[in-house]
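Chemist: Mind having a look at this structure? Questions to follow.
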Amino acid sequence: MAYLEQRGPGFYESSHVSVPYSVQLPGLQPGSEIVVEGKTNDHCKGFSVNFCAGPNMDSDVVFHYNPRLEQGRVVSNDKQRGNWGPEEIDAHVPFQRDQNFEIRFKISQHGYEVIVHNSPVHNFKHRLAIERVSHLFITGDISVKKVQLTTGQSFGYSQYNPYQPQPGVYGGQPQGAPYGSQPQAAAYGSQPQPYGYSQPPQGGYGGQPQPQPYGYGAPPQSGGYGYNPAGQSGGPIVNPPVPFTGAIPGGMYPGKMIFVSGVVNPNAQRFSINLVTGNTENHDFGLHMDVRIAFGSERNVIVRTNKKGGAWGPEERQAPFFPFAPNGNFDVTILAEQNSIKVAANNQHLFEFHLRSPLQEINHVLVMGDVRLTQVRFQ
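Note that the sequence shown covers residues 1 to 379 in UniProt numbering.
This is the structure in structure tokens:
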């Protein structure tokens with residue numbers, strides 16, 4: 001029997017699976033996403049990906065996605081009590097024989113959005129309740145390299161929080177950093193360079209006025225597909241577009257937390273998460289976290305700096321690990337303290353940035369670059 005291995009909060013994966021493939025799923029909900037990576041056979045007639053109420057298509061099929069290469073069409077449907085419903089037919093088949101593919105199934109309150117090679121190809125409205133889905137079943141003339149599931153129960157909703165005391169950790173004593181073996185005073189005391197970070201180099205921005213780091217201009221106000229305005233009052237903002245800008249409810253103050261979850265684009269060069277004093281990149285940056293995956297000659301570097309009056313400050317680059325990869329899911333947690341910002345990634349402390357301007361001036365979060373967001377939440 002196939003299994004999905006949990007790789008992080010709300011993130012599951014299975015690699016090099018055999019077709020036909022049946023796997024039990026944790027509960028799906030709006031905001032969940034399933035990614036299927038594979039390759040069509042050189043003689044491929046067709047294949048199907050099925051969200052089922054049981055281990056295979058003998059049970060009810062909540063959503064049946066069926067590319068038929070031999071017929072030159074894609075059929076979407078459901079099956080209830082042994083009877084197929086009305087077919088939804090797409091004349092364009094976004095697959096070819098003997099080629100790699102990636103399909104994303106994004107679940108919303110309205111239905112399933114199907115995205116092939118980063119292009120939306122179909123929307124299938126719910127005919128059966130999403131709660132009926134218990135298994136994913138894949139069959140046909142394909143090989144499957146990987147199946148990934150993001151449940152929508154992102155890091156922001158997990159019971160574990162790297163910046164809150166946990167029972168049994170450090171003997172129940174208050175702590176600011178549950179990661180690392182140093183006591184709190186050493187890890188988050190008044191030392192100018194926590195975790196042994198050396199003085200950051202003066203290269204890159206160098207404190208001199210530079211062009212905007214991305215040149216996207218002012219990001220649009222959050223909206224579009226999957227936007228949930230409840231996020232502005234504490235609920236999650238699901239699948240917002242990128243560039244993304246969001247007002248921080250209540251502004252920034254010690255103890256304020258921001259949760260950012262997403263997926264790095266397949267050919268990503270860089271992206272950034274920014275804490276800003278306004279709703280565009282023309283404002284001052286309290287924190288500019290620039291993730292450089294393959295930007296110029298730089299690989300796997302997280303640059304942190306600030307911007308004030310159009311001038312970039314000195315960079316900080318050292319970090320204990322690099323948690324981002326093309327096609328990889330991530331969960332970033334940002335915790336505000338009076339004089340610093342702590343950032344964790346995938347449940348592990350990543351860095352602490354000592355603020356160079358007052359925390360209370362920050363009122364927006366901006367996300368830009370080669371990334372797709374699945375959720376943003378404020379707490």
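The C-beta atom is built at its ideal place from N, Cα and C for all residues, glycine as well.
(1) Do Y12 and L149 have their C-beta atoms closer together than 9 Å?
(2) Are at least three pairs of beta-carbons, each pair with one atom in the region 335-343 and one in the region 351-368, less than 8 Å apart?
(3) Just confirm the distance between the C-beta atoms of F101 and V116, as a whole number of angstroms; I'd bet it's less than 8 Å.
(4) Pull up the CB-CB distance for H364 and N279, whole angstroms please, since I reckon it's below 8 Å.
(5) Check R7 in the structure and name its three-state DSSP category.
(6) Mind checking whether G313 and N306 have CB atoms under 9 Å apart?
(7) Is E131 helix, strand or coil by DSSP?
(8) For the beta strand (DSSP E) containing S18, name the first residue and the last one.
(9) Measuring only the C-alpha atoms, how far is P86 from Q269?
(10) Tell me which same chain residues have a C-beta within less than 7 Å of the C-beta of R104, skipping the five on either side of it?
(11) Please report the distance separating the alpha-carbon of A325 from that of L287.
(12) Kindly list the residues whose CB is nearer than 6 Å to the CB of N329, restricted to its own chain and excluding five residues on each side of it in sequence; keep chain order.
(13) If I follow the unbroken beta strand (DSSP E) through G262, where does it start and stop?
(14) Rounding to the nearest angstrom, what Cα-Cα distance links T277 and V238 in this structure?
(15) Would you call the CB atoms of I138 and S22 closer than 9 Å?
(16) If I measure Cβ to Cβ from M257 and keep anything under 6 Å in the same chain, skipping five residues before and after, which residues do I get?
(17) From the DSSP output, in three-state form, read off E316 for me.
(18) Between D78 and the rest of its own chain, which residues show a CB-CB distance below 7 Å, the 5 nearest in sequence each way excluded?
(19) Quick one: give me the first and last residue of the beta strand (DSSP E) that N66 is part of.
(20) Would you kindly work out how many angstroms separate the C-alpha atoms of Q375 and I107, rounded to a whole number?
(21) In the DSSP output, which residue or residues are listed as bridge partners for S272?
(22) Once you ignore the five residues that flank V147 on each side, which residues in its own chain have a CB closer than 6 Å to its CB?
(23) Taking the alpha-carbon of I341 as reference, which of F285, R292 and N118 has the nearest alpha-carbon?
(24) If I measure Cβ to Cβ from E361 and keep anything under 6 Å in the same chain, skipping five residues before and after, which residues do I get?
(25) On a Cα-Cα basis, can you pick out the residue from F351, N41 and L25 that is closest to R132?
(26) Output yes or no for whether 9 Å exceeds the beta carbon distance between C44 and I142.
(27) Is E361 helix, strand or coil by DSSP?
(28) From what residue to what residue does the beta strand (DSSP E) around C52 run?
(29) Name the one or two DSSP bridge partners that K307 has.
(30) In the DSSP assignment, what residue or residues form a beta bridge with P120?
(31) Out of V260, G251 and G250, point me to the one whose CA is closest to F244's CA.
(32) Do L69 and V93 count as a contact pair if the criterion is CB distance below 9 Å?
(33) What is the DSSP secondary structure of F137, counted as helix, strand or coil?
(34) Taking 8 Å as the limit between beta carbons, can you name the residues of its chain near G203, skipping five residues before and five after?
Modeler: A quick look at the data gives this:
(1) Counted from its first residue, the sequence shown places residue 12 at position 12. Counted from its first residue, the sequence shown places residue 149 at position 149. Closer than 9 Å, so yes.
(2) Yes, the region 335-343 is in contact with the region 351-368.
(3) As a position in the sequence shown, residue 101 is number 101, starting the count at 1. As a position in the sequence shown, residue 116 is number 116, starting the count at 1. Confirmed, Cβ separation roughly 7 Å.
(4) The count along the sequence shown starts at 1 and reaches residue 364 at position 364. The count along the sequence shown starts at 1 and reaches residue 279 at position 279. H364 to N279, Cβ: 5 Å. Contact.
(5) Against the sequence shown, residue 7 aligns to sequence position 7. DSSP places R7 in strand when its eight states are reduced to three.
(6) Here residue 313 refers to the residue found at position 313 of the sequence shown. Here residue 306 refers to the residue found at position 306 of the sequence shown. Against a cut-off of 9 Å, the Cβ pair of N306 and G313 comes out as a contact.
(7) Along the sequence shown, read from residue 1 onward, the residue named residue 131 stands at position 131. Helix at E131.
(8) Here residue 18 is taken as the residue at index 18 of the sequence shown, counted from 1. From DSSP, S18 is part of no beta strand (DSSP E); its letter is neither H nor E.
(9) If you number the sequence shown from 1, residue 86 lands on position 86. If you number the sequence shown from 1, residue 269 lands on position 269. Roughly 43 Å between the two C-alpha positions.
(10) Numbered from 1 along the sequence shown, position 104 holds the residue referred to as residue 104. Excluding five sequence positions before and after R104, the CB atoms of its chain that fall closer than 7 Å to its own CB belong to E33, V35 and I115, given in chain order.
(11) Along the sequence shown, one-based indexing puts residue 325 at 325. Along the sequence shown, one-based indexing puts residue 287 at 287. Straight through space, the alpha carbons of L287 and A325 are spaced by roughly 22 Å.
(12) Taking the sequence shown and counting its residues from 1, the one referred to as residue 329 is at position 329. Take N329, set aside five residues on each side of it, and the residues of its chain with a beta-carbon closer than 6 Å to its own are F11, T150 and V263, in chain order.
(13) For the purposes of this step, residue 262 is taken as the residue at position 262 of the sequence shown. Going by DSSP, G262 is part of the beta strand (DSSP E) stretching over M257 to V264.
(14) Counted from its first residue, the sequence shown places residue 277 at position 277. Counted from its first residue, the sequence shown places residue 238 at position 238. Roughly 23 Å between the two C-alpha positions.
(15) As a working note, residue 138 is residue 138 in the sequence shown. As a working note, residue 22 is residue 22 in the sequence shown. Yes, Cβ-Cβ distance for I138 and S22 is below 9 Å.
(16) On the sequence shown, position 257 is the one that residue 257 refers to. For M257, where only same-chain residues beyond five positions count, the Cβ hits under 6 Å are L335 and Q379.
(17) By 1-based counting over the sequence shown, the position of residue 316 is 316. The three-state reading of DSSP puts E316 in strand, counting E and B together.
(18) The count along the sequence shown starts at 1 and reaches residue 78 at position 78. Spatial neighbours of D78 in its own chain (CB-CB distance under 7 Å, excluding positions within 5 residues in sequence) are listed in chain order as V61, V62, F63, H64, G85, R127 and L128.
(19) As a first step, residue 66 must be located in the sequence shown, where it is residue number 66. N66 -> beta strand (DSSP E) spans V61 to R68.
(20) In the sequence shown, counting from the first residue as 1, residue 375 sits at position 375. In the sequence shown, counting from the first residue as 1, residue 107 sits at position 107. A direct Cα-Cα distance of roughly 13 Å separates Q375 from I107.
(21) For the purposes of this step, residue 272 is taken as the residue at position 272 of the sequence shown. Note: S272 sits in a beta bridge opposite D290 and M368.
(22) Reading the sequence shown from its first residue, position 147 is the one you call residue 147. The answer, listed in chain order, is S14 and V36.
(23) Translated into positions along the sequence shown, residue 341 becomes position 341. Ranking F285, R292 and N118 by Cα distance to I341 puts F285 first.
(24) Stepping through the sequence shown from its first residue, residue 361 is reached at position 361. Close CB contacts of E361 within its chain, under the 6 Å cut and outside five residues either way in sequence, are with T277 (chain order).
(25) Taking the first residue of the sequence shown as position 1, residue 132 is located at position 132. Closest in alpha carbon position to R132, among F351, N41 and L25, is L25.
(26) Within the sequence shown, numbered from 1, the residue matching residue 44 stands at position 44. Within the sequence shown, numbered from 1, the residue matching residue 142 stands at position 142. Yes, these two residues count as a Cβ contact at 9 Å.
(27) Here residue 361 corresponds to residue number 361 of the sequence shown, with the count starting at 1. Three-state result, E361: helix.
(28) In the sequence shown, residue 52 corresponds to position 52, counting from 1. Here the beta strand (DSSP E) through C52 covers F47 to C52.
(29) As a working mapping, residue 307 is identified with position 307 in the sequence shown. Answer is F285 and W312.
(30) In the sequence shown, the residue the question calls residue 120 occupies position 120. For P120, which the question treats as bridged, DSSP gives the partners I115.
(31) As a working mapping, residue 244 is identified with position 244 in the sequence shown. Ranked by Cα distance from F244, the options V260, G251 and G250 are led by V260.
(32) Within the sequence shown, residue 93 is the residue found at index 93, counting from 1. Within the sequence shown, residue 69 is the residue found at index 69, counting from 1. Cβ distance < 9 Å, so V93 and L69 count as in contact.
(33) Position 137 of the sequence shown, counted from the start, is the residue given in the question as residue 137. If DSSP states are grouped into helix, strand and coil, F137 belongs with the strands.
(34) Translated into positions along the sequence shown, residue 203 becomes position 203. Any reading at G203 must be qualified, since the residue scores a pLDDT of 37, below 50, and its modelled position is unreliable; no value is offered.
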